[in-house]
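Residue numbers (the working numbering): 1291 to 1453.
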(Lines of atoms letter the chains of each structure in order from A and count residues from 1; the text may use other names and numbers.)
(Lines give C-alpha, C1' and ligand atoms only; values in the text may rest on other atoms or scores of the structure.)
Protein backbone atom coordinates (compact mmCIF):
# COMPACT_ATOMS: atom_id res chain seq x y z
CA UNK A 1 0.00 0.00 0.00
CA UNK A 2 1.17 3.56 -0.61
CA UNK A 3 1.92 6.49 1.67
CA UNK A 4 1.00 5.86 5.27
CA UNK A 5 -1.31 2.94 4.51
CA UNK A 6 -0.17 -0.54 5.37
CA UNK A 7 -1.56 -4.04 5.14
CA UNK A 8 0.04 -6.99 6.82
CA UNK A 9 0.02 -9.85 9.23
CA UNK A 10 -0.05 -8.99 12.93
CA UNK A 11 2.21 -9.85 15.83
CA UNK A 12 0.53 -9.11 19.16
CA UNK A 13 1.99 -8.06 22.50
CA UNK A 14 0.37 -7.21 25.83
CA UNK A 15 0.57 -4.24 28.17
CA UNK A 16 3.69 -2.53 29.49
CA UNK A 17 6.17 -3.85 26.95
CA UNK A 18 9.21 -1.82 27.89
CA UNK A 19 12.20 -0.77 25.84
CA UNK A 20 14.39 -3.39 27.53
CA UNK A 21 12.05 -6.12 26.30
CA UNK A 22 12.10 -4.63 22.80
CA UNK A 23 15.87 -4.12 22.64
CA UNK A 24 17.65 -5.75 25.61
CA UNK A 25 20.30 -3.53 27.19
CA UNK A 26 23.19 -5.89 26.60
CA UNK A 27 22.70 -5.49 22.84
CA UNK A 28 21.99 -1.78 22.56
CA UNK A 29 25.57 -0.88 21.61
CA UNK A 30 25.59 -3.32 18.70
CA UNK A 31 24.92 -2.18 15.15
CA UNK A 32 21.20 -2.40 14.29
CA UNK A 33 21.80 -5.45 12.09
CA UNK A 34 23.16 -7.44 15.05
CA UNK A 35 20.86 -5.95 17.71
CA UNK A 36 17.83 -6.84 15.57
CA UNK A 37 18.60 -10.53 16.12
CA UNK A 38 17.60 -10.04 19.76
CA UNK A 39 14.37 -8.04 19.42
CA UNK A 40 11.78 -9.27 21.95
CA UNK A 41 13.99 -12.29 22.74
CA UNK A 42 12.82 -12.59 26.37
CA UNK A 43 9.10 -12.52 25.53
CA UNK A 44 8.94 -13.78 21.92
CA UNK A 45 12.17 -15.65 21.15
CA UNK A 46 10.90 -16.63 17.70
CA UNK A 47 10.34 -13.01 16.64
CA UNK A 48 13.73 -12.28 15.09
CA UNK A 49 13.64 -15.43 12.98
CA UNK A 50 9.98 -15.40 11.96
CA UNK A 51 9.07 -11.72 11.63
CA UNK A 52 8.88 -10.57 8.00
CA UNK A 53 9.40 -7.03 6.77
CA UNK A 54 6.03 -5.34 6.25
CA UNK A 55 4.32 -7.08 9.13
CA UNK A 56 2.55 -5.11 11.86
CA UNK A 57 2.76 -4.97 15.63
CA UNK A 58 -0.34 -4.56 17.79
CA UNK A 59 0.09 -4.02 21.52
CA UNK A 60 -1.80 -3.14 24.65
CA UNK A 61 -1.24 -0.17 26.92
CA UNK A 62 2.06 1.62 27.44
CA UNK A 63 4.05 0.01 24.61
CA UNK A 64 7.65 1.22 24.72
CA UNK A 65 7.58 2.36 28.34
CA UNK A 66 10.72 2.42 30.44
CA UNK A 67 14.03 3.96 29.52
CA UNK A 68 14.39 6.50 26.76
CA UNK A 69 16.55 4.18 24.69
CA UNK A 70 16.37 5.40 21.10
CA UNK A 71 17.50 2.02 19.85
CA UNK A 72 14.13 0.41 20.65
CA UNK A 73 12.21 2.02 17.76
CA UNK A 74 15.38 1.84 15.64
CA UNK A 75 15.55 -1.96 15.76
CA UNK A 76 11.82 -2.27 15.03
CA UNK A 77 12.24 -0.07 11.98
CA UNK A 78 15.34 -2.03 10.98
CA UNK A 79 13.52 -5.39 11.05
CA UNK A 80 10.87 -3.86 8.78
CA UNK A 81 7.89 -3.31 11.07
CA UNK A 82 5.44 -1.46 8.80
CA UNK A 83 3.63 0.17 11.74
CA UNK A 84 2.87 -0.25 15.42
CA UNK A 85 -0.70 0.12 16.66
CA UNK A 86 -1.24 0.14 20.41
CA UNK A 87 -3.77 1.09 23.07
CA UNK A 88 -1.16 3.62 24.24
CA UNK A 89 2.58 4.22 24.04
CA UNK A 90 5.34 5.29 26.38
CA UNK A 91 5.63 8.96 25.45
CA UNK A 92 9.36 8.95 24.71
CA UNK A 93 9.13 5.80 22.58
CA UNK A 94 6.24 7.37 20.67
CA UNK A 95 8.18 10.57 19.93
CA UNK A 96 11.33 8.64 19.00
CA UNK A 97 9.35 6.45 16.60
CA UNK A 98 7.86 9.46 14.83
CA UNK A 99 11.29 11.12 14.73
CA UNK A 100 12.83 8.18 12.85
CA UNK A 101 9.82 7.66 10.58
CA UNK A 102 8.39 4.52 12.21
CA UNK A 103 4.58 4.79 11.90
CA UNK A 104 2.71 4.55 15.20
CA UNK A 105 -0.99 4.86 15.99
CA UNK A 106 -2.89 4.96 19.27
CA UNK A 107 -6.05 2.92 18.80
CA UNK A 108 -8.20 2.20 21.89
CA UNK A 109 -9.77 -1.26 21.88
CA UNK A 110 -7.47 -2.73 19.25
CA UNK A 111 -5.61 -5.26 21.41
CA UNK A 112 -8.72 -7.08 22.63
CA UNK A 113 -10.02 -7.42 19.08
CA UNK A 114 -6.84 -8.55 17.33
CA UNK A 115 -5.03 -11.88 17.41
CA UNK A 116 -1.58 -12.80 16.20
CA UNK A 117 -1.81 -13.83 12.55
CA UNK A 118 -4.78 -11.57 11.75
CA UNK A 119 -4.42 -9.35 8.70
CA UNK A 120 -4.86 -5.63 9.29
CA UNK A 121 -5.13 -2.62 7.05
CA UNK A 122 -3.78 0.47 8.81
CA UNK A 123 -4.25 4.03 7.56
CA UNK A 124 -2.13 6.27 9.76
CA UNK A 125 -3.36 9.54 8.21
CA UNK A 126 -7.04 8.67 8.60
CA UNK A 127 -6.36 6.98 11.96
CA UNK A 128 -8.31 3.92 10.85
CA UNK A 129 -7.58 0.24 11.35
CA UNK A 130 -9.51 -2.53 9.65
CA UNK A 131 -9.11 -6.11 10.75
CA UNK A 132 -9.56 -7.93 7.45
CA UNK A 133 -9.74 -11.26 9.28
CA UNK A 134 -12.71 -10.29 11.46
CA UNK A 135 -14.17 -7.46 9.33
CA UNK A 136 -14.03 -5.05 12.28
CA UNK A 137 -12.99 -1.42 12.01
CA UNK A 138 -11.39 0.75 14.68
CA UNK A 139 -10.89 4.49 14.96
CA UNK A 140 -7.54 5.59 16.29
CA UNK A 141 -6.33 8.95 17.53
CA UNK A 142 -5.25 11.14 14.63
CA UNK A 143 -1.68 12.37 14.78
CA UNK A 144 -0.83 16.06 14.69
CA UNK A 145 -0.07 17.27 11.17
CA UNK A 146 3.60 17.91 12.05
CA UNK A 147 3.97 14.28 13.13
CA UNK A 148 2.28 13.10 9.96
CA UNK A 149 4.68 15.22 7.91
CA UNK A 150 7.63 13.62 9.69
CA UNK A 151 6.27 10.15 8.96
CA UNK A 152 5.51 11.02 5.32
CA UNK A 153 9.12 12.07 4.80
CA UNK A 154 10.61 9.09 6.63
CA UNK A 155 11.63 10.92 9.79
CA UNK A 156 12.44 14.33 11.17
CA UNK A 157 15.98 14.47 9.74
CA UNK A 158 14.70 13.89 6.22
CA UNK A 159 11.94 16.43 6.77
CA UNK A 160 14.42 19.06 7.98
CA UNK A 161 16.92 18.37 5.21
CA UNK A 162 14.28 19.30 2.65
CA UNK A 163 13.87 22.72 4.22
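Here a beta-carbon is modelled for each residue, glycine too, at the ideal position from N, C-alpha and C.
Residue i burial status per 10 Å Cβ neighbour count (16 or more: buried)
i	result
residue 1335	exposed
residue 1316	exposed
residue 1386	buried
residue 1439	exposed
residue 1451	exposed
residue 1381	exposed
residue 1349	buried
Euclidean distance between Cα positions of residue i and residue j
i	j	result
residue 1431	residue 1395	7 Å
residue 1388	residue 1444	9 Å
residue 1455	residue 1393	The first residue shown for the chain is 1291 and the last is 1453, placing residue 1455 beyond what the model contains.
residue 1367	residue 1406	19 Å
residue 1308	residue 1346	18 Å
residue 1355	residue 1399	19 Å
residue 1436	residue 1429	20 Å
residue 1362	residue 1319	12 Å
residue 1357	residue 1447	22 Å
residue 1433	residue 1304	23 Å
residue 1329	residue 1412	23 Å
residue 1332	residue 1300	19 Å
residue 1379	residue 1306	9 Å
residue 1310	residue 1339	19 Å
residue 1455	residue 1321	With the chain running from 1291 to 1453 in the structure shown, residue 1455 is simply not present.
Residue i: first and last residue of the uninterrupted beta strand (DSSP E) it sits in
i	result
residue 1428	1426 to 1429
residue 1297	1295 to 1303
Residue i - containing alpha helix (DSSP H), residue span
i	result
residue 1330	Run containing residue 1330: none; DSSP gives neither H nor E here.
residue 1320	Run containing residue 1320: none; DSSP gives neither H nor E here.
residue 1439	1435 to 1443
residue 1340	1337 to 1340
residue 1446	1446 to 1451
Proximity of residue i and residue j at Cβ, strictly below 7 Å
i	j	result
residue 1351	residue 1324	no
residue 1365	residue 1397	no
residue 1372	residue 1391	no
residue 1410	residue 1425	no
residue 1341	residue 1375	no
residue 1427	residue 1294	no
Worksheet entry | beta strand (DSSP E) runs contained entirely in the stretch 1348 to 1422, provided each spans 3 or more residues | 1373 to 1376, 1394 to 1396, 1409 to 1413, 1418 to 1421
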